[in-house]
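By my numbering, the letter at position 138 of the sequence shown is numbered 151, and the numbering carries on one by one without gaps.
Encoded as structure tokens, the structure appears first; notes follow it.
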Amino acid sequence: QSAISRQISLLEDELGEPLFQRAGRRVRMTPAAESLVKLGQRVFQDVRDTVGAITDRTRTLRGMLRLAGGMTVCLYVFPPLLRRLKRVHPQLDIRLTVAVKVRSVEEIRAGRVDAGLLTLPVEESDLVTVPVLREELLILTMPTHPFAKKRKIQPSELSGLPFVLFEPGSATRRVIDSFFVTEKVEPTVVMETENVEIIKAMVKTGLGIGIVPYQAIAREVRAGQFFCARVEGHELVRETGWVYARANRVPRMIQELLTAFDAVKARLQLSPRRL
14 QSAISRQISL LEDELGEPLF QRAGRRVRMT PAAESLVKLG QRVFQDVRDT VGAITDRTRT
74 LRGMLRLAGG MTVCLYVFPP LLRRLKRVHP QLDIRLTVAV KVRSVEEIRA GRVDAGLLTL
134 PVEESDLVTV PVLREELLIL TMPTHPFAKK RKIQPSELSG LPFVLFEPGS ATRRVIDSFF
194 VTEKVEPTVV METENVEIIK AMVKTGLGIG IVPYQAIARE VRAGQFFCAR VEGHELVRET
254 GWVYARANRV PRMIQELLTA FDAVKARLQL SPRRL
């Protein structure tokens, strides 16, 4: 203890500023000490980044990669991405968290998740956002519905119809609600859920109409099990991007993740080729 106190005293003499203020048994850092701590953290981070940049070039990628995403991402985007990652980096240990955007952002900021593929916008100064996908949202019905005879649907035709929609507050729902407000559409919302598979199941029962990302229904539409259509005069799109903690240097783990995603992106079915 005395040796530490001596070093602190010497440092205070050199700086010409006290580092601690004492009031009885309580001790707190002065502004000078807080600045010194921040500077020290930057120095340690620079050292770690330098060592990492050198060793990353030669070593096999190993360790744990923790990813987060919503239901649709985990069902339709992560499977081909994970296959690619495991093939290129077989020693990588991948963990997934299925969560809504707010929770995913909290996990990333807390350091419990390395990266999330999340619906944008995510506006946090301590996080990096890389937009990578524009997913088209389409009207979803059964092939027996009167809409199935149309290529495009007029907004006025939607008022009063029963809808099965994503839950309020989600970025996807905000896109849909914005469209409803702009076109003065007054839907009858019969069910709300975060699970796109539940929306599809309820549309199949005839409970209502859905508005969902095309990649979630592409296979069933091609098989004739569902019908989908665009709304005349509107491009309903949700933007998705990678989100990870801001640092002086992008970790190799994140670099390899983005590279693997670029390799599989072309296989994702984000919009129908024709309607």
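Glycine is no exception: its CB is placed at the ideal position from the N, C-alpha and C atoms.
This structure is a prediction, so every number in the text was calculated from the model and none was measured.
Which partner residues does A36 have in the DSSP bridge list? R39
Rounded separation between Q238 and E170 - CA only: 23 Å
Can you confirm whether the region 247-261 touches the region 124-131 when touching is taken to mean that 3 or more C-beta pairs between the two stretches lie within less than 8 Å? yes
Reference E196, options G219, H247, D275, closest by Cα: H247
Among E210, G182, L270, R287, nearest to V115 - alpha-carbon criterion: G182
L303 bridges to which residues according to DSSP? The structure shown has nothing for residue 303, since the chain only spans 14 to 288.
Using 8 Å for Cβ pairs, my map puts C241 next to P285. What's the rounded Cβ distance? 7 Å
With a cut-off of 8 Å, do at least 3 Cβ pairs link the region 90-99 to the region 211-224? no
When the distance is taken between beta carbons, is G254 closer than 8 Å to L80? no
Given that a residue counts as buried once 16 or more other Cβ atoms are within 10 Å of its Cβ, and exposed if not, what is E210? exposed
Within its chain, find whatever has a CB closer than 6 Å to the CB of E205; leave out the 5 residues flanking it on each side and keep chain order. L178, E180
Within its chain, find whatever has a CB closer than 7 Å to the CB of R75; leave out the 5 residues flanking it on each side and keep chain order. Q104, L105
If I follow the unbroken alpha helix (DSSP H) through V234, where does it start and stop? 231-235
Measuring CB to CB, does L140 end up less than 8 Å from P226? no
Counting only runs that start and end within the region 158-245, where is the beta strand (DSSP E) found for 3 or more residues in a row? 175-179, 201-206, 222-226, 240-244
Have a look at N208 and L52 and give me their C-alpha separation to the nearest angstrom. 46 Å
Cβ pair A273, L153 closer than 8 Å: no
Pull the bridge partners of I152 from the DSSP assignment, please. I224, A242
Kindly indicate the opening and closing residues of the beta strand (DSSP E) around V250. 250-258
Under the three-state reduction of DSSP, which class applies to P144: helix, strand or coil? strand
Just reading off the alpha helix (DSSP H) that P93 is part of, what are its end residues? 91-101
For the alpha helix (DSSP H) containing S18, list its first residue and its last residue. 15-28
When we look at the beta-carbon of T73 and count the other beta-carbons within 10 Å, is it buried (16 or more) or exposed? exposed
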